[in-house]
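Data block below; observations after.
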Amino acid sequence: MARARLEVTDSLGGRTVPIEKDLFRIGRRSSHDLHLDGADVSRDHAEIEWKGDRFTLRDRGSRCGTFVNGESITERPLAHGDRIHVGRSSGADLVFLVDQAPALLPSSASPPPAAGGDLHQLAMLLEALRAVGSGRVLDEVLVLVLDSALEVTGAERGFIMLADAAGGLQFTLGRGRGHITLPGHTFRTSRKIPEEVFATGEARVVADLLDAELAGEHVGTIALGIRHVLCVPLGLVRYVDGPAAAEQPGRIGVLYLDGRDRGTLLSPTTRAALETLAGEAALVIENARLYRESIEKARLEQQMTIAADIQRALLPRPHHAGNGFELACASVPCLAIGGDFFDYVDLPDGGFGFVLGDVSGKGLPAALLTAVVQGVFAIEASLGHSPAETLGALNATLIRKAVEGRFATIFYGALSPGGRLTYTNAGHNPPIVLGASGLRRLAAGGTIVGVFPDAGYEQETITLDPGDLIVVFSDGVTEAFNAEWEEFGNDRLIECVRANTDLASAALLDQIMAAVHRFVKDAVQSDDVTVVVLRYTAGQGDVAPGADASAG
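Per the numbering used here: the sequence shown = residues 7 to 558.
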């Protein structure tokens, strides 16, 4: 069995407990191998088992949980240096250590190094920091940096404050001597010193806060009993490419240490050692932050991929044929997921309903609202409500949900046997009807849905001739820009439709999408592109009701 131990900090104090059994039990029960006090600790809280060549920590169904490196666990293999928290606020902190593993930090029982002593220990700490910089997450690196600084200087407390996106300092972590994480999420001392150090890039040493010149500015800090302060910037050297390449210093935050006793905190050697540590730590912290950002980005990309798969699954099949018509649809989002959708439904009276909608915005927020709009449409249309009634009910639903700043434009048409098309247009680009009678635009309706509670919607009924084409499109088609910032526009769309009127719906749809793609070329797509093409085929070889032409 490997030799391992736990460094324990709880209400009973700090102590080191060796793990000398294959099954090591932890809890409030006095007979357990590690007896812990605290309301959040269960009588039989957790256990550590040595089996094979590793130690495994298991939660025993405790009331307040067991955490490793900040994550709630049921069972988890342990590694040297893992931080275990038993229970919640009134629980206990444990550090798991394996004797054979090289210690990254000196034991909490070791005295702090003398200010003028050998810097070999500091060199080892810096090597440890470099070794874990890219492989550990940010929180673990911050703990390692602070504990190293406390060991090097003999300070009582340490804080790291990092710059946010706006350039302001934000409290990130506080640690006390003995590997203790300080409670709270704020900097419980004056911010004046760290903000000065961050602004100037110069280290600051305060020999005594009770000095007459300083006492008035640091009343809160003095009230905690703090007398001595050492604060150094966390600085990077960034290299800029180009003919005038130069080293540009950048500060990512500050490392702040203080204490009641003067100790070695104020010696020049300690300051020099801490500044060296801060320089290495800044690089490690920045690497860890970038590493975490890359992990979060990868996780977000995976979630977006799943969301895109779900959104595609919510759309019906792109090709469909029914009693007297053939339909083709396509939607290309400008991001992984989009705010456009198309749908169609068989109506109770034997007719066929089809819809194209464009929800404001892009990305995940638009996609979520799109799913709601699509679902409400499917319900209302399947009940046999007229197009005007359907969009009125949809508007009322969105108003009731009160999603601020979100709205949609929608075109909904219902085709009856015999070629009667009843439609309503809620603020959408007027679709094109092209046939023997020439070109028409379908503009009757009302305003966008989701904004005005009292909005009303008109509907119009027209009669289609055999062979007539209806092209419904989102504004991502006509407002597609090329590299010269020219719009594709309505004229190019109509020209493309006229040039391909003899094609089947699916082939005409392909020609429209290809024309937009050729026009845009390498310009970045700025909006979702969605098109629905319906050809009325009555008298041109009718298709049996319900037939599906998806094979094409």
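Even glycine gets a Cβ: it sits at the ideal position worked out from N, Cα and C.
Item, Value
"Write down the C-beta distance between residue 506 and residue 514 rounded to the nearest angstrom, noting that I regard them as a contact closer than 8 Å.", "5 Å"
"Since residue 297 is in the beta strand (DSSP E), which residue starts that stretch and which ends it?", "Where residue 297 is concerned, there is no enclosing beta strand (DSSP E), although the alpha helix (DSSP H) it sits in stretches over 274-320."
"Label residue 501 either buried or exposed according to how many other C-beta atoms from any shown protein chain fall within 10 Å of its C-beta, with 16 as the threshold for buried.", "exposed"
"Excluding the 5 residues preceding and the 5 following residue 399 in the sequence, name in chain order all residues of the same chain whose CB lies nearer than 8 Å to its CB.", "382, 386, 391"
"If you draw a straight line from the C-alpha of residue 440 to the C-alpha of residue 421, how long is it?", "16 Å"
"Should the region 254-266 be regarded as contacting the region 157-177, the criterion being three or more beta carbon pairs within less than 8 Å?", "yes"
"So which of 144, 529, 490, 11 has the shortest CA-CA distance to residue 301?", "144"
"Between 238, 426, 407, 298, which has its C-alpha nearest residue 356's C-alpha?", "426"
"Rounded to whole angstroms, how far is the Cβ of residue 242 from the Cβ of residue 292, which I believe are closer than 8 Å?", "6 Å"
"Check residue 176 in the structure and name its three-state DSSP category.", "strand"
"In chain order, what residues of the same chain lie with their CB nearer than 7 Å to the CB of residue 401, ignoring the 5 residues before and after it?", "455, 456, 461"
"Taking all protein chains shown into account, do 16 or more other C-beta atoms lie within 10 angstroms of the C-beta of residue 319, making it buried, or fewer, making it exposed?", "exposed"
"Please classify residue 235: does DSSP put it in a helix, a strand, or coil?", "strand"
"Can you give the beta carbon distance from residue 536 to residue 388, rounded, assuming they're within the 8 Å contact cut?", "The Cβ separation is near 22 Å, so there is no contact."
"Helix, strand or coil: which one does DSSP assign to residue 72?", "strand"
"Alpha carbon to alpha carbon, how far is residue 288 from residue 528? Give it in angstroms, no decimals.", "40 Å"
"Assign residue 9 to one of three DSSP states: helix, strand, or coil.", "coil"
"Going by CA-CA distance only, name the one from 435, 307, 544, 491 that's closest to residue 473.", "544"
"Is DSSP giving residue 165 helix, strand or coil here?", "strand"
"Do you know offhand how far residue 332's Cα is from residue 324's?", "11 Å"
"Is it buried or exposed for residue 412, if we count other Cβ within 10 angstroms and need 16 for buried?", "buried"
"Alpha carbon to alpha carbon, what distance is there between residue 105 and residue 24?", "10 Å"
"May I ask which residues mark the beginning and end of the alpha helix (DSSP H) holding residue 526?", "511-526"
"Could you check where the beta strand (DSSP E) with residue 334 kicks off and where it finishes?", "331-338"
"Using a Cβ-Cβ cutoff of less than 8 Å, which residues in the same chain neighbour residue 447 once the five nearest sequence positions on both sides are dropped?", "436, 437, 438, 439"
"Given this structure, state the Cα-to-Cα distance separating residue 258 from residue 169, to the nearest angstrom.", "5 Å"
"Write down the C-beta distance between residue 352 and residue 358 rounded to the nearest angstrom, noting that I regard them as a contact closer than 8 Å.", "6 Å"
"Report all residues from its chain with a CB closer than 6 Å to the CB of residue 541; omit the five preceding and five following residues, and keep chain order.", "332, 475, 511"
"I need the straight-line Cα distance from residue 363 to residue 166, nearest angstrom please.", "50 Å"
"Look up residue 347 in the DSSP assignment and say whether it is helix, strand or coil.", "strand"
"If you run the structure through DSSP and keep just helix, strand and coil, what is residue 100?", "strand"
"Count the CB pairs spanning the region 41-51 and the region 78-98 that are closer than 8 Å, and state whether there are at least three.", "yes"
"Taking only runs that begin and end inside the region 450-493, name each unbroken beta strand (DSSP E) of 3 or more residues, in chain order.", "466-469, 475-479"
"Which of the three DSSP states, helix, strand or coil, is assigned to residue 388?", "helix"
"Compute the beta-carbon to beta-carbon distance between residue 394 and residue 453, rounded to the nearest angstrom, for a pair I have assumed lies under 8 Å.", "About 13 Å; that fails the 8 Å criterion."
"Identify, in the order they occur along the chain, each residue of the same chain with its Cβ nearer than 6 Å to the Cβ of residue 14, setting aside the five sequence neighbours on each side.", "21, 23, 100"
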